[in-house]
Structures are given as structure tokens and as C-alpha cells.
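Reading through the C-alpha cells given below for one structure.
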Amino acid sequence: MIVSASRRTDIPAFYGEWFMNRLRAGYAVARNPMNPRQLRRVSLRPGDVDACVFWSKDFRPLLAHIGEIRDAFPIAVHHTLTPYSAPLEPRLTDKRAIVEGMCTLSRTIGPDCLVWRYDPIVLSDALTPEWHIRAFERACGLLGGATRRCVISFVQLYPRVRRTMERLCRLPSPDEMRALAGELAQVARAHDIVLTSCCAPEELDLTGVKREACISAALIHAATGHAPNPRRDPGQRKGCLCLPSVDIGAYHCCPHMCAYCYANWSAAAVERNFARHDPLGEELLPPVEPPRQDLIDKGACPPERS
């Protein structure tokens with residue numbers, strides 16, 4: 159079983175204490191976002207977890223615990239690093255420190271297990287293709303061999319963010335996407351980085367961007383030393399190539415508050431959820447009103463304590 163921590167929120171940046179408590183307890187409980195009455199009791203015991211894939215924009219708060227985590231199971235990290243400031247990324251202000259954290263992380267887990275995400279690519283009157291090429295090249299230089307793979311995607315105007323993002327960006331034409339992706343792939347190659355995309359549109363064909371899953375067989379092999387069963391995750395969106403995983407996070411609780419993010423309803427919802435988070439709880443977020451719960455085991459979980 160592959161554990162995902164988490165596509166839904168930044169656990170390393172904001173919920174590291176909770177994760178470590180769940181690791182020591184041997185399990186976490188995750189609620190199905192499509193059916194809140196359905197819970198998954200997910201084992202975090204070493205014998206049940208093949209690997210844990212973290213997703214973060216700032217892994218530094220969890221760096222102090224990296225040894226304990228790796229003693230339990232292999233890990234890989236998808237780490238976003240983009241050149242934006244407010245209003246797109248109002249709370250990710252110290253990018254230099256984040257880069258230093260990525261380099262420290264890479265020295266521990268290795269560059270093959272650290273995937274850099276230059277994602278999403280947002281274009282506007284100020285954020286031109288030329289601006290992105292310069293920013294991407296600077297980031298490649300700052301990372302200095304800390305990663306061997308970068309994932310890109312172009313911004314999508316999901317319903318939750320459409321109104322905000324229509325004021326902040328413009329959608330690129332197919333020709334513009336092809337040209338920019340090709341330039342970024344060339345810059346990446348010069349720094350020994352492979353540029354990839356998971357749900358890549360056909361516009362990226364023949365640009366030098368490789369179609370590869372975020373949670374790929376190659377990534378899990380790099381983390382574990384073993385080749386996983388190359389099955390596609392049926393729970394992901396159309397076109398996603400990722401291996402199956404079990405996510406232990408929750409939506410509407412990421413305080414980064416990035417304008418393009420589909421995982422938050424609103425700043426008010428995030429503040430409410432962050433305030434009611436309990437680091438000692440089984441779930442990342444407790445239910446507002448405890449509903450009838452249908453429990454599904456994922457892995458061999460330890461017995462309940464009386």
C-alpha cells in the first residue's frame with residue numbers, strides 16, 4: 159500500500175505533529191470527501207506501508223523527524239517550488255529558505271526521491287513566457303542537483319477558483335503552451351533534470367516533456383528498491399497515470415491559501431478547520447457533527463485500545 163500525505167493539504171508544513179502522532183500510533187483515519195460517513199482506517203505500520211509519498215510547498219517543519227519516518231517506511235516527496243508572490247501565493251514569502259529546505263531534504267532521501275513541481279504555470283500580462291523561462295532557470299540553478307525530475311502543468315480554472323483566477327491570469331493558446339514547454343524542457347535538460355507531466359494535454363507532445371505519473375513506478379522503485387505493480391489509480395481524474403494510493407489528508411484546511419488551489423473553499427473555511435484540528439486526533443479534521451460511520455480498513459491496523 160502507498161500512502162499519500164497529501165494531495166488535499168500540506169501535511170508537512172502544517173500538520174507534522176499530527177502525522178508523527180499517527181505514525182507512532184500505527185494508523186490514521188481518513189474520511190472519504192465524497193461520502194463523509196465513510197472512514198478509512200489506514201495502517202501506518204512498517205509492514206503494511208510500501209512507501210509514503212508526501213506533497214508539500216514547505217517541508218522544513220518535518221525535516222527534524224525525517225529519520226524516524228524513514229525508519230518506519232520508505233518515502234518520496236513531491237515538493238512545489240514556484241516563483242509567485244501575492245496575490246497568487248500570499249503566504250509563501252521566503253522562497254530562499256524553502257529552497258534550502260529542499261536541498262537539505264535531498265541530501266537525506268536522495269535526488270531521485272525528491273520531485274520538484276513547477277506547478278501550475280500561470281500566465282498574465284506580468285507573468286509572461288519569458289518571465290517563466292528566467293524564473294525556471296534561476297530555480298534550476300538554486301536547486302543545484304537536488305532533484306532529477308520536475309513536473310509541470312498549466313493552470314486550470316476549476317469552478318472553486320474561476321472567479322478569482324480570471325482576474326489574475328489568462329489561459330495560454332496551444333501554440334504558447336507548446337513553445338513555453340519546449341523552452342522549459344531545454345533549460346531542464348541543461349541542468350540534468352527531466353521535465354514531466356502527468357495529465358499532459360496533447361499540446362505538450364513533441365515538446366521534450368515526458369508523460370509520467372506523479373506517483374510513478376520509477377519513483378516508488380527509487381524509494382523502495384522494488385518495482386511495484388504498474389496499475390493505474392481508478393480514483394484519480396481522467397488522464398492521470400498514477401499508481402493507486404490511499405490519501406490521509408482532508409480538504410479545506412491548507413493555510414497557504416494559494417489563489418489557484420482547488421482544495422480550499424474559502425479563507426474562512428480554512429481558518430475554522432485549522433482552529434478545530436487536534437494533533438492528537440485520529441483524523442486530520444474531526445467531524446463537525448459525528449455522523450454514522452462506515453469503517454473500511456486499509457492494511458492490517460492495530461486493535462482499538464480500551
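With the working numbering applied, the sequence shown covers 159 to 464. Quick reminder that beta carbons are idealized off the backbone N, C-alpha and C, glycines included.
Could you pull the DSSP bridge partners for residue i from this structure?
i: N190; result: N193
i: I310; result: Y276
i: S162; result: V211 and D405
i: I233; result: C210
i: T238; result: R275
i: Y173; result: DSSP lists no partner for Y173.
i: G418; result: The displayed chain sequence assigns Tyr, not Gly, to residue 418. DSSP output for Y418 lists no bridge partner at all.
i: P185; result: It is Tyr, not Pro, that sits at residue 185 in the sequence shown. According to DSSP, Y185 bridges with S201.
Let me know the secondary structure DSSP gives residue i once reduced to three states.
i: C271; result: helix
i: T262; result: helix
i: P461; result: Confidence is the limiting factor: at P461 the pLDDT is only 40, short of 50, which leaves the residue's position unreliable, though a coordinate-based value still follows. Residue state, collapsed to three classes: coil.
i: V257; result: helix
i: R218; result: helix
i: E295; result: helix
i: R199; result: strand
i: E247; result: coil
i: E440; result: coil
i: L281; result: strand
i: L315; result: coil
i: W289; result: helix
i: V446; result: coil
i: A433; result: helix
i: G302; result: coil
i: H410; result: coil
i: R389; result: coil
i: T167; result: coil
i: M178; result: helix
Measuring CA to CA, which of the options is closest to residue i?
i: H237; options: G184, R165 and P248; result: R165
i: L246; options: R228, I227 and E324; result: E324
i: A381; options: D208, E175 and Y185; result: D208
i: I378; options: P413, C308, C271 and G259; result: C271
i: V235; options: V211, L250, I224 and H223; result: V211
i: L442; options: A358, L181, S243 and A188; result: A188
i: W176; options: M415, W423 and I406; result: I406
i: R306; options: K253, A348 and R318; result: A348
i: I227; options: A244, G303, T266 and C261; result: T266
i: E334; options: R198, A244, R389 and T286; result: T286
i: R275; options: Q196, A186, S355 and E440; result: S355
i: A421; options: G340, A376, E440 and Y316; result: Y316
i: P219; options: D168, D206, A186 and R389; result: D168
i: G383; options: D252, I233 and R198; result: I233
i: G340; options: E288, P388, R389 and L329; result: E288
Using beta-carbon positions only, say whether residue i and residue j come within less than 8 Å of one another.
i: L399; j: A417; result: no
i: S311; j: P332; result: no
i: F432; j: C411; result: yes
i: N193; j: L438; result: no
i: P465; j: Y409; result: There is simply no residue 465 to check, as the chain begins at 159 and stops at 464 in what is shown.
i: H290; j: L338; result: yes
i: V280; j: C327; result: yes
i: E361; j: R321; result: no
i: C308; j: A284; result: no
i: G184; j: S162; result: no
i: P204; j: F231; result: yes
i: I373; j: I160; result: yes
i: G259; j: F217; result: yes
i: L263; j: L221; result: yes
i: K215; j: A255; result: no
i: A358; j: R369; result: yes
i: H223; j: G174; result: yes
i: A425; j: M415; result: yes
i: R430; j: P444; result: no
i: L300; j: V257; result: yes
i: L353; j: L342; result: yes
i: W213; j: R318; result: no
i: L401; j: A376; result: no
i: A186; j: P241; result: no
i: R198; j: V446; result: no
Quick check: does the Cβ of residue i come within less than 7 Å of any heavy atom belonging to the ligand GTP?
i: G268; result: Among the components modelled here there is no ligand, and therefore nothing to report on the ligand GTP.
Against chain C, does residue i count as a neighbour if the rule is that its beta carbon must be under 8 Å from one of theirs?
i: A209; result: The displayed structure is made up of one protein chain only, and chain C is not part of it.
Worksheet entry | Uninterrupted beta strand (DSSP E) stretches inside the segment 322 to 387 (no shorter than 3 residues) | Runs of the beta strand (DSSP E) inside the segment 322 to 387: 352 to 355.
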